[in-house]
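Below is one structure, written out as structure tokens; comments come after it.
Protein chains in written order, with the UniProt record's numbering: chain A, 1 to 96; chain B, 1 to 96.
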């Protein structure tokens with residue numbers, strides 16, 4: 001299993017748009033990405049523009065499918081357009 | 001729902017012991033902490049001493065129960081003893 005952590009800062013004033021877009025992407029993923037086991041959005045309790053994304057995929061192929069998906073081609077650019085910064089790291093899941 | 005992120009660096013040579021202790025804690029939690037929805041251990045792909053923990057709790061009371069649990073009193077000190085560093089942050093879960 002592969003896990004991921006995104007650390008995100010949203011442009012000021014775009015928080016609701018970001019959460020809406022993320023929600024639409026997540027719903028589409030539930031239908032089309034059976035290999036994605038976790039794709040959760042968490043908001044900082046101290047900075048309302050700061051978020052993390054917790055991810056888990058059944059295997060590398062499922063992560064590859066996510067990154068090359070048709071719905072990703074639509075949503076990733078829209079989401080990136082409202083971000084001030086993003087860092088992404090992938091991990092091996094030891095205990096899920 | 002409340003989410004959490006721990007960023008952990010394990011003392012050199014203690015990685016297996018850490019993973020064993022974490023696994024034992026996690027199994028105990030599955031039995032005794034119904035409010036804990038996610039408590040996953042992920043290992044960095046570039047530094048074998050570097051880990052993150054992805055957490056989600058049904059509510060603040062479930063997180064409080066975790067932090068004050070009897071099994072925590074046993075395992076938290078044992079785990080901390082093999083850590084070089086740990087940071088902990090809690091979040092509001094927007095999309096689980």
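Heads up, the beta-carbon is just placed ideally off N, CA and C, and yes, glycines get one too.
Small disclaimer: the values here were computed from a predicted structure and weren't measured.
- Rounded to the nearest whole angstrom, the CA to CA distance from residue 78/B to residue 35/A is 35 Å.
- As computed with DSSP, residue 76/A is found in no beta bridge at all.
- Counting C-beta pairs closer than 8 Å gives fewer than three between the region 56-68 of chain B and the region 65-80 of chain A, which falls short of the contact rule.
- Setting aside the 5 residues that flank it on each side, residue 15/A is surrounded in the same chain by 48 and 49, each with a C-beta closer than 7 Å to its C-beta; the list follows chain order.
- Around the beta-carbon of residue 10/A, 16 or more other beta-carbon atoms lie within 10 Å, marking it buried.
- For residue 30/A, not one C-beta of chain B is nearer than 8 Å to its own C-beta.
- At least one CB of chain B lies nearer than 8 Å to the CB of residue 92/A.
- Cβ-Cβ separation between residue 41/B and residue 95/A: approximately 4 Å, consistent with a contact (criterion under 8 Å).
- Using a Cβ distance threshold of 8 Å, residue 1/B and residue 93/B count as a contacting pair.
- As DSSP reads the structure, residue 26/B sits in no beta bridge.
- Residue 24/B sits close to residue 75/B, with the two beta carbons spaced by under 8 Å.
- Closest by C-alpha distance to residue 21/A, out of 86/A, 90/A, 31/A and 80/A, is 80/A.
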